[in-house]
Amino acid sequence: MKDVEPFVLASRAEQVMYVEDLKHKDWQVAIKINPRDFYDMNAGSSVDNVEAYLQSVVCNTQSGDGDNNFDLVRTDMSAAIVDAPLSQVLRDNNVHDDGDDDGDEEELDLM
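Per our numbering, residue 1397 is the first one in the sequence shown, and the count goes up by one each step.
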């Protein structure tokens, strides 16, 4: 009889759990289990045999060729040209940004 080696290679070890046998009350059965988050990436079909998945792209946008001619220049207000940087305009008008973008907008009267 060979000597019993007390060590096992990690590549040869398998995780099992012991459950009581229903027919023989004094016996226990070893059931092989996989640890959580363990995936055998080599099992199953090869990557070469898998067909690539291509999701079809559906666009429900309207083209700009219709009768939607919008005037992009406002004619109901006089133009105001501001040469100052935005930070200076905000500082001069005592507008403080608290970083809260909840939709409340303060109106600036630049005239």
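Cβ atoms here follow ideal geometry from the backbone N, Cα and C, with glycine treated the same way.
These figures come from a predicted structure and were not determined experimentally.
Starting from the Cα of Val1412, find the closest Cα among Ser1452, Ile1429, Gln1451 and give me that residue. Ile1429
Measure the C-alpha to C-alpha separation of Val1465 and Asp1433 and round it to an integer number of angstroms. Residue 1465 is actually Asn in this sequence, not Val. If you take the alpha carbons of Asn1465 and Asp1433, they lie about 57 Å apart.
Does the separation of the CB atoms of Tyr1414 and Ala1426 fall below 8 Å? yes
I'd like the span of the alpha helix (DSSP H) that includes Arg1484, first residue to last. Looking at the sequence itself, residue 1484 is Gln, so the reference to Arg does not match. Unbroken alpha helix (DSSP H) run through Gln1484: 1482-1488.
Opening and closing residue of the beta strand (DSSP E) in which Val1425 lies: 1424-1428
In the structure shown, what three-state DSSP assignment does Val1412 receive? strand
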